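K.L.:
Protein chains in written order, with the numbering used here: chain A, 46 to 401; chain B, 46 to 401.
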């Protein structure tokens, strides 16, 4: 098990957010990785192999890999929310729950990649392209089960409430992914911004909110504090998704690990695209025509520019700022002391500024 | 919620097993269905629709269906094990856990049908053929989550141990399905009977064992009693799988809801087939040749006969009897009173004699 770590609230005032967030993420990985590896290694051999590949710990042939297991934003939110409300002891107690949240996140990644036919994840071929669709589905199913088992085996008094919350969140994640795939089949003109915002909240906001809420539960937070933490995570998550969509259109694929234009090629109704389509501008009409035609790589640059000229980029950036402002409001409600709230603030700033 | 029901241990001595089992299953459906429907109806609309179709409660267009939601063997084992050790109060207390077990079973059916490309389930088109693969995967994911949520929200002191046990069982089910699909890709000569027996135990025995064990937990059973109940369910499950494989080759598709020969067409290494292949008889060689060639419907009857001549049918029936004998031994260890054990015995006899 992990040794106790310095409480994220007890030091480094004035540290720039980006550096503080990087330190929180590194400390989170140090605390949660052993729990995560033990959980994954408890799987039967065939499933363990797929999971270890997915997490970047192994090559497909089972040899060790110094891979990229992801940024650990969600477990960092669990631990940092626990620390903000309950100090270092709550942070330490929440480590298994943080691992459970990360397992759920990775179960959904495995399944989403199957459904979306995505071939690249964290700069490597996705698990289903290596092991086949059935094995990727089964590894995902097993990771969901292990997440619930970690909480069922956790004697902490908050574990049961956390388990119920995480299970409800999985249902919301599934509904979000379902809406995402359903929206893909709709004509662009049929999709409203409200639908896409609701989808993004379910698909991305829900688990970030749940992570913060579970941290609050492990700190013994009141119902109000836990709900405010959930809302903080949700709003930050929506901001994160808005920025993620912007990066998907205008960002650096070397940084995101996704090929540029993948969302456009799949005719995804991302937030900037739907905002652009519903803008009533001449560029919106041009974009609608491009989106109704089969994908042609030669049209990629023109499509990106149409989204921009129709105001999709500006709208997304203003929305992201608005969501962040709501997130800050909820954070202040949950944790009035700016010093205690610093870690969560740094994480929220980190995820929404990861272009910088 | 369900009203209290007559304890399955307190009546009808001397009732023939088949009739007693049918009554237990009917009482189980009456007790568990409301819990199951409430759980499924808690899903967001798009996922609820898929789940309600899968359970046979609705047509694909959302109109009501008087469908066949399955035999409810697993929830019946939960309730009957609870009643055998703890009487009517334990049976009543275990209703949410019985629903959780049935939700897990149905989550695996939804996913297995996707992986196996099975097009018929309970005499209807499978969910993925109606709603598409992504929606069937997501509905399965959500049903797993709801199963865990039911236990996390259950205040009964046994709920946490049941949740851990159910989560571990899901991992075993996934490993069993993984082994099943992996064995499909192997040349028939490479597959051993031990591998197929281990696969069948994980895929079928594990959840029947888990159902009985969870019933024991809700009755406050000792660790020894719970483990004996688990072993009883596992051995019954293996007997059930052996008989199911026999029905798949020689049974009535009108009864099973699966087309005859589907296992052979998919080149499944079912227990009778692998026993036949490893029999060292001339018919084994003939069967191996047939199994290595692409499937030809004209060869179906000859293939079935080769399995029979190589002793696959006899072996499976003797094995099934042996597993049932072990199951009876474990049942007597868990519940020494034959009167109290009668319901579980009737269920075990029912599942292994469902050709009659």
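Glycine included, each C-beta is placed from N, C-alpha and C at the ideal position.
Everything numeric in this text was worked out from a predicted model, so none of it was measured.
(1) Relative to the alpha-carbon of residue 85 of chain B, which residue among B:359, B:192, B:104 and B:162 has its alpha-carbon at the smallest distance?
(2) Can you name the start and end residues of the alpha helix (DSSP H) that residue 273 of chain A belongs to?
(3) For residue 249 of chain A and residue 252 of chain B, I'd like the C-alpha separation in whole angstroms.
(4) Which bits of chain B does residue 275 of chain A rub up against, with CB to CB less than 7 Å?
(5) For chain A, find out if any of its Cβ atoms is closer than 9 Å to the Cβ of residue 201 of chain B; answer yes or no.
(6) Measure the alpha-carbon distance for residue 109 of chain B versus residue 94 of chain B and round it to whole angstroms.
(7) Indicate whether at least one CB of chain A lies closer than 9 Å to the CB of residue 100 of chain B.
(8) I want to verify the contact list: residues of chain B whose CB lies under 7 Å from the CB of residue 180 of chain A, in sequence order.
(9) Please list, in chain order, all residues of the same chain as residue 201 of chain A whose beta carbon is under 6 Å from its beta carbon, the five residues on each side excluded.
(10) Interface residues of chain A around residue 193 of chain B at Cβ under 7 Å?
(11) Considering only the alpha carbon of each residue, which of B:247, B:341 and B:205 lies closest to residue 265 of chain B?
(12) Apart from the five residues just before and just after residue 398 of chain A, which ones in its own chain have a Cβ nearer than 6 Å to its Cβ?
(13) Mind listing which residues of the region 342–374 of chain A have their C-beta closer than 9 Å to chain B's C-betas, in chain order?
(14) How would you label residue 433 of chain B, buried or exposed, when you count the other beta carbons within 10 angstroms and need 16 or more for buried?
(15) Under 6 Å Cβ to Cβ from residue 280 of chain B, same chain only, skipping five residues before and after it: list those, please.
(16) Could you have a look at residue 83 of chain B and say whether DSSP puts it in helix, strand or coil?
(17) For residue 382 of chain A, is the classification buried or exposed, using 16 other Cβ atoms within 10 angstroms of its Cβ as the cut-off for buried?
(18) May I ask which residues mark the beginning and end of the alpha helix (DSSP H) holding residue 317 of chain B?
(19) Quick one: using the 10 Å Cβ neighbour count with 16 as the cut-off for buried, is residue 220 of chain B buried or exposed?
(20) Helix, strand or coil for residue 170 of chain B, going by three-state DSSP, please let me know.
(21) Measuring straight from C-alpha to C-alpha, what distance separates residue 156 of chain B and residue 384 of chain A?
(22) Consult DSSP for residue 47 of chain A and reduce its assignment to one of helix, strand or coil.
(23) Taking CB distances under 9 Å as the criterion, tell me whether residue 89 of chain B reaches chain A.
(24) Run through DSSP, which three-state label would residue 109 of chain B get?
(25) Check this for me: beta carbons of residue 218 of chain A and residue 149 of chain A, under 9 Å apart or not?
(26) Compare the C-beta of residue 159 of chain B against all C-beta atoms of chain A and say whether one is closer than 9 Å.
(27) For a quick check, are the C-beta atoms of residue 129 of chain B and residue 393 of chain B less than 9 Å apart?
(28) Following the continuous alpha helix (DSSP H) through residue 360 of chain A, name the residue where it begins and the one where it ends.
(29) Given that residue 255 of chain A touches chain B, what residues does it touch there, using C-beta distances under 9 Å?
(30) Is the beta carbon of residue 182 of chain A sitting closer than 9 Å to the one on residue 216 of chain A?
(31) Nearest by alpha-carbon distance to residue 320 of chain B: which of B:260, B:209 and B:239 is it?
(32) Within a Cβ cutoff of 6 Å, which residues of the same chain sit near residue 100 of chain B, ignoring the five residues on either side of it in sequence?
(33) In three-state terms, what does DSSP make of residue 403 of chain B?
(34) What does a CB cutoff of less than 7 Å around residue 117 of chain A pick up in its chain, not counting 5 residues either side in sequence?
(35) Give the DSSP bridge partners of residue 165 of chain A, in chain order.
(36) Can you give the beta carbon distance from residue 260 of chain A to residue 124 of chain A, rounded, assuming they're within the 8 Å contact cut?
P.N.:
Straight from the coordinates:
(1) The residue labelled residue 85 of chain B in the question sits at position 40 within the second chain. Taking only the C-alpha atoms, the option nearest residue 85 of chain B is B:192.
(2) Numbered from its first residue, the first chain carries residue 273 of chain A at position 228. Counting along the chain, the alpha helix (DSSP H) containing residue 273 of chain A begins and ends at 268–295.
(3) Position 204 of the first chain holds residue 249 of chain A. Position 207 of the second chain holds residue 252 of chain B. Between residue 249 of chain A and residue 252 of chain B, the C-alpha separation is close to 33 Å.
(4) Working through the first chain from its first residue, we reach residue 275 of chain A at position 230. Chain B residues near residue 275 of chain A: none, gap ~16 Å exceeds 7 Å.
(5) Here residue 201 of chain B refers to the residue found at position 156 when the second chain is read from its first residue. Chain A, which has no Cβ nearer than 9 Å to the Cβ of residue 201 of chain B, makes this no.
(6) The residue you call residue 109 of chain B lines up with position 64 of the second chain. The residue you call residue 94 of chain B lines up with position 49 of the second chain. Counting only the Cα atoms, residue 94 of chain B lies some 11 Å from residue 109 of chain B.
(7) Here residue 100 of chain B refers to the residue found at position 55 when the second chain is read from its first residue. No, residue 100 of chain B does not count as interfacial toward chain A.
(8) Position 135 of the first chain holds residue 180 of chain A. What residue 180 of chain A touches in chain B: 223.
(9) What you label residue 201 of chain A is simply residue 156 of the first chain in a count that begins at 1. Excluding positions up to five away in sequence, the list reads 138.
(10) Here residue 193 of chain B refers to the residue found at position 148 of the second chain. Ordered by position in chain A, the residues that pass the 7 Å Cβ test against residue 193 of chain B are 193, 208 and 212.
(11) As a working note, residue 265 of chain B is residue 220 in the second chain. The option with the nearest alpha carbon to residue 265 of chain B is B:205.
(12) Against the first chain, residue 398 of chain A aligns to sequence position 353. If we look at residue 398 of chain A and ignore the five residues flanking it on each side, it has no Cβ neighbours.
(13) none
(14) Since the displayed chain B opens at 46 and closes at 401, residue 433 of chain B lies outside it and no answer follows.
(15) Translated into the one-based positions of the second chain, residue 280 of chain B becomes position 235. Hits under 6 Å: 368, 371 and 372.
(16) Start at 1 with the first residue of the second chain, and residue 83 of chain B comes out as number 38. Reduced to three states, the DSSP call for residue 83 of chain B is helix.
(17) Against the first chain, residue 382 of chain A aligns to sequence position 337. Exposed, by the Cβ-count rule.
(18) For this step, residue 317 of chain B is matched to residue 272 along the second chain. It spans 316–322 - the alpha helix (DSSP H) in which residue 317 of chain B sits, taken as one unbroken run.
(19) As a first step, residue 220 of chain B must be located in the second chain, where it is residue number 175. Its Cβ being crowded by 16 or more others within 10 Å, residue 220 of chain B is buried.
(20) Numbered from its first residue, the second chain carries residue 170 of chain B at position 125. The answer is strand: DSSP assigns residue 170 of chain B an E or B state.
(21) Locating residue 156 of chain B in the second chain gives position 111, where the first residue counts as 1. Locating residue 384 of chain A in the first chain gives position 339, where the first residue counts as 1. Residue 156 of chain B and residue 384 of chain A: Cα-Cα distance of roughly 47 Å.
(22) Walking along the first chain from the start, residue 47 of chain A turns up at place 2. The pLDDT assigned to residue 47 of chain A is 36, lower than 50, so where the model puts this residue is not dependable, and the model offers no usable value.
(23) Residue mapping note: residue 89 of chain B aligns to position 44 of the second chain, counting from 1. Yes - at least one Cβ of chain A is within 9 Å of the one on residue 89 of chain B.
(24) Counting from 1 along the second chain, the entry for residue 109 of chain B is found at position 64. Strand at residue 109 of chain B.
(25) Working through the first chain from its first residue, we reach residue 218 of chain A at position 173. Working through the first chain from its first residue, we reach residue 149 of chain A at position 104. Yes, the pair counts as a contact, with Cβ atoms nearer than the cut-off.
(26) Within the second chain, the letter at position 114 stands for residue 159 of chain B. Yes, residue 159 of chain B lies at the interface with chain A (some Cβ there is under 9 Å from its Cβ).
(27) On the second chain, position 84 is the one that residue 129 of chain B refers to. On the second chain, position 348 is the one that residue 393 of chain B refers to. No, these two residues do not count as a Cβ contact at 9 Å.
(28) Position 315 of the first chain, counted from the start, is the residue given in the question as residue 360 of chain A. Per DSSP, residue 360 of chain A belongs to the alpha helix (DSSP H) from 357–379.
(29) Residue numbering aside, residue 255 of chain A sits at position 210 when the first chain is read from its first letter. What residue 255 of chain A touches in chain B: nothing, since even the nearest Cβ is about 12 Å away.
(30) For this step, residue 182 of chain A is matched to residue 137 along the first chain. For this step, residue 216 of chain A is matched to residue 171 along the first chain. Taking 9 Å as the Cβ cut-off, residue 182 of chain A and residue 216 of chain A do not qualify as a contacting pair.
(31) Position 275 of the second chain holds residue 320 of chain B. Residue B:239 is the option with its Cα nearest to residue 320 of chain B.
(32) Reading the second chain from its first residue, position 55 is the one you call residue 100 of chain B. Cβ neighbours of residue 100 of chain B beyond the five flanking positions: 114.
(33) What is shown of chain B runs 46 to 401, which leaves residue 403 of chain B out entirely.
(34) The residue you call residue 117 of chain A lines up with position 72 of the first chain. The answer, listed in chain order, is 70, 73, 74, 77 and 147.
(35) Residue 165 of chain A sits at position 120 when you count from the first residue of the first chain. According to DSSP, residue pairing for residue 165 of chain A in a beta bridge involves A:170.
(36) The residue labelled residue 260 of chain A in the question sits at position 215 within the first chain. The residue labelled residue 124 of chain A in the question sits at position 79 within the first chain. Their Cβ separation, rounded to whole angstroms, is 7 Å, which keeps residue 260 of chain A and residue 124 of chain A in contact under 8 Å.
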